[in-house]
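First up is the structure itself, then whatever we jot down about it.
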Amino acid sequence: MCEGGDLNPYEEASLPPQGSAYTNSATSARIDAQDSTSCTHFPQGKNCKNLLYSSFTLKKESFPMSELSDSQDDLEPEIHRCVAYCTAASYTLKELLDSLKVFYKAVSYRDVVYFDLSKRDGDVKDAFCFSYGAVVLWGLNEAEEQQFLKKLTNFQRDGFDLYERERMSFTISSTATAKIVDEVIELPDNDMLPRLAISHGLAQSVRLATFENIIQKTINKTRHIPEQLASRGKIPLSKKEIRRKMGELFLERSSVNLHFDILDTPEFFWDHSDLEPLYVMIANHLDLETRVQVLNQRLDIVHDLFEMLGNELNHQHSSKLEWIIIWLIVIEVILTITKDIFKIA
Numbered sequence: 029m030c031e032g033g034d035l036n037p038y039e040e041a042s043l044p045p046q047g048s049a050y051t052n053s054a055t056s057a058r059i060d061a062q063d064s065t066s067c068t069h070f071p072q073g074k075n076c077k078n079l080l081y082s083s084f085t086l087k088k089e090s091f092p093m094s095e096l097s098d099s100q101d102d103l104e105p106e107i108h109r110c111v112a113y114c115t116a117a118s119y120t121l122k123e124l125l126d127s128l129k130v131f132y133k134a135v136s137y138r139d140v141v142y143f144d145l146s147k148r149d150g151d152v153k154d155a156f157c158f159s160y161g162a163v164v165l166w167g168l169n170e171a172e173e174q175q176f177l178k179k180l181t182n183f184q185r186d187g188f189d190l191y192e193r194e195r196m197s198f199t200i201s202s203t204a205t206a207k208i209v210d211e212v213i214e215l216p217d218n219d220m221l222p223r224l225a226i227s228h229g230l231a232q233s234v235r236l237a238t239f240e241n242i243i244q245k246t247i248n249k250t251r252h253i254p255e256q257l258a259s260r261g262k263i264p265l266s267k268k269e270i271r272r273k274m275g276e277l278f279l280e281r282s283s284v285n286l287h288f289d290i291l292d293t294p295e296f297f298w299d300h301s302d303l304e305p306l307y308v309m310i311a312n313h314l315d316l317e318t319r320v321q322v323l324n325q326r327l328d329i330v331h332d333l334f335e336m337l338g339n340e341l342n343h344q345h346s347s348k349l350e351w352i353i354i355w356l357i358v359i360e361v362i363l364t365i366t367k368d369i370f371k372i373a
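Next comes the structure, spelled out in structure tokens:
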């Protein structure tokens with residue numbers, strides 16, 4: 029208490045050393061609310077103006093500094109969207125580049141145009157548009173993706189009603205190595221070129237999916253033909269219908285074969301061979317090689333069906349010629365018999 033002198037409010041206080049934490053056990057000096065001019069706990073005439081300060085004691089608890097601060101390394105890296113779409117048979121990249129480079133930073137590479145959609149430094153918002161109608165979007169939310177896809181509609185040829193989509197996620201962490209874990213692509217830095225290398229594989233995957241759907245639909249539509257041939261021994265189609273089916277099969281086979289080279293290793297890696305392992309990584313993850321082999325087998329089925337229809341058409345033509353010859357022989361026999369009958373008469 030402050031008997032015989034003024035109370036020093038700083039008497040027991042001291043600055044805490046760095047690396048320590050303190051808990052406060054404070055007892056405030058009581059002021060009589062009924063007499064605001066005097067201190068009820070100290071003799072009159074003493075200077076009690078400093079009694080408004082609280083006296084307290086400090087209890088020291090020491091622990092490591094690493095537990096006091098939040099370390100950035102302990103935080104999980106943020107997960108972003110990475111989505112590939114195939115919206116058309118092809119894009120007109122030159123017109124697309126000329127139109128959108130006014131709004132975004134743009135760079136043209138082999139068969140692909142890159143747009144930087146970020147609005148702040150450090151953000152990752154990328155768009156990679158490929159000549160064969162595929163686009164890979166990094167770091168955008170779904171609404172932003174739809175907005176960008178609408179901008180592509182004016183530059184696409186033979187647009188699809190239903191888009192093929194391949195969705196993954198990605199993180200960027202300085203402590204990570206480039207790998208794929210549970211559909212999450214982990215990248216060690218913010219460099220754009222590794223994302224471009226991976227985008228090649230994602231774009232090929234969605235384009236391959238369109239080929240797979242085309243061939244599967246073709247097989248489903250024509251499955252009844254070999255089934256009826258097996259059950260009835262003939263194809264219940266007229267020559268006109270067979271020709272129409274052959275034309276459809278030829279167009280669908282051609283649409284795949286003419287663009288099949290896009291499933292090869294992209295020419296981009298001729299200039300950036302150091303990035304090819306990233307492409308191989310995503311290609312293996314998406315089973316591109318196996319899917320291409322399966323697609324080739326399905327193309328062989330369509331080819332066999334095409335040949336079967338061709339043979340059936342030839343058979344029908346040959347059969348028609350045979351019947352013509354038979355009827356000509358019959359007519360000739362009838363005429364010969366008739367002529368001999370009249371001579372006898």
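Start counting at 1 in the sequence shown, then tack on 28, and there's your number in this note's numbering.
Each residue gets a CB set at the ideal place from its N, CA and C atoms; glycine is no exception.
Exercise. Just the Cα atoms here: how many angstroms apart are D332 and W351?
Worked result: 28 Å
Exercise. What's the gap between the Cα of G167 and the Cα of R148?
Worked result: 13 Å
Problem set entry | Cβ neighbours of M118 in the same chain (closer than 8 Å, five flanking residues each side left out) | According to the sequence provided, residue 118 is Ser. The question's Met does not apply to it. Cβ neighbours of S118 beyond the five flanking positions: S159, Y160, G161, Q184, R185, D186.
Exercise. In its own chain, which residues sit with a C-beta less than 8 Å from the C-beta of E317, not counting the 5 before and 5 after it?
Worked result: A311
Exercise. What are the residues that DSSP puts in a beta bridge with T199?
Worked result: E214
For this session: Please report the residue range of the alpha helix (DSSP H) in which A204 lies.
Result: Careful: A204 lies outside any alpha helix (DSSP H) and carries neither H nor E.
Exercise. Around the Cβ of R223, are there at least 16 other Cβ atoms within 10 angstroms (buried) or fewer (exposed)?
Worked result: buried
Exercise. Do E106 and T199 have their C-beta atoms within less than 8 Å of each other?
Worked result: yes
Problem set entry | Helix, strand or coil at T115 [DSSP, three-state] | strand
Problem set entry | First through last residue of the alpha helix (DSSP H) which encompasses D378 | The shown model of the chain, from 29 to 373, leaves out residue 378, and the question about it has no answer.
Exercise. Taking just the CA atoms, how far does L190 sit from A237?
Worked result: 12 Å
Problem set entry | Sequence-distant residues of its chain with Cβ nearer than 7 Å to I329 (five each side left out) | I247
Problem set entry | T366 burial status per 10 Å Cβ neighbour count (16 or more: buried) | exposed
For this session: Can you give me the Cβ contacts of L291 inside the same chain, cut-off strictly under 8 Å, excluding the 5 residues immediately before and after it?
Result: Q232, R235, L236, L316, V320
Exercise. If you draw a straight line from the alpha carbon of I354 to that of N342, how long is it in whole angstroms?
Worked result: 18 Å
Exercise. Hey, how far is the Cα of V361 from the Cα of F370?
Worked result: 14 Å
For this session: Please work out which residues of its chain come closer than 7 Å, Cβ to Cβ, to A116, disregarding the five sequence neighbours upstream and downstream, and give them in chain order.
Result: G161, Q184, R185, D186, G187, F188
Problem set entry | Reduced DSSP secondary structure (H/G/I, E/B, other) of R271 | helix
For this session: Could you spell out the range, first to last residue, of the beta strand (DSSP E) harbouring L165?
Result: 162-166
Exercise. So what does Q184 bridge to, in DSSP terms?
Worked result: Y119
For this session: Note the first and the last residue of the continuous alpha helix (DSSP H) segment covering Y132.
Result: No alpha helix (DSSP H) contains Y132, which DSSP labels as neither H nor E.
Exercise. Counting along the chain, where does the beta strand (DSSP E) carrying F239 start and finish?
Worked result: Counting along the chain, F239 falls outside any beta strand (DSSP E), though it belongs to the alpha helix (DSSP H) covering 220-250.
Exercise. Looking at the structure shown, is L148 part of a helix, part of a strand, or coil, going by DSSP?
Worked result: Sequence check: residue 148 is Arg here, not Leu. R148: coil per DSSP, three-state reduction.
For this session: Please determine if the segment 275-283 and the segment 242-256 are in contact, where contact requires at least 3 C-beta pairs separated by less than 8 Å.
Result: yes
Exercise. Cα separation between C110 and L323?
Worked result: 26 Å
Exercise. So, do the segment 199-216 and the segment 133-147 have three or more beta carbon pairs nearer to each other than 8 Å?
Worked result: no
Exercise. In angstroms, rounded to a whole number, what distance separates the CA positions of K122 and P305?
Worked result: 29 Å
Exercise. Helix, strand or coil: which one does DSSP assign to L306?
Worked result: helix
Exercise. Should A61 be labelled buried (16 or more other beta-carbon atoms within 10 Å of its own) or exposed?
Worked result: Residue placement at A61 is poorly supported in this model, since its pLDDT is 37, which falls under 50; the coordinates still yield a value, given next. A61 is exposed by the Cβ-count criterion.
Exercise. By how many angstroms is the C-alpha of H252 removed from the C-alpha of L177?
Worked result: 38 Å
For this session: Leaving out five residues on either side along the sequence, give the residues of the same chain with a beta carbon under 8 Å from the beta carbon of N339.
Result: none
Problem set entry | Euclidean distance between Cα positions of R272 and C114 | 29 Å
Exercise. Skipping 5 residues on each side, what residues in its chain have a beta carbon closer than 6 Å to that of A204?
Worked result: E214, P216
Exercise. Hey, V164 and L230: beta-carbon distance below 8 Å or not?
Worked result: yes
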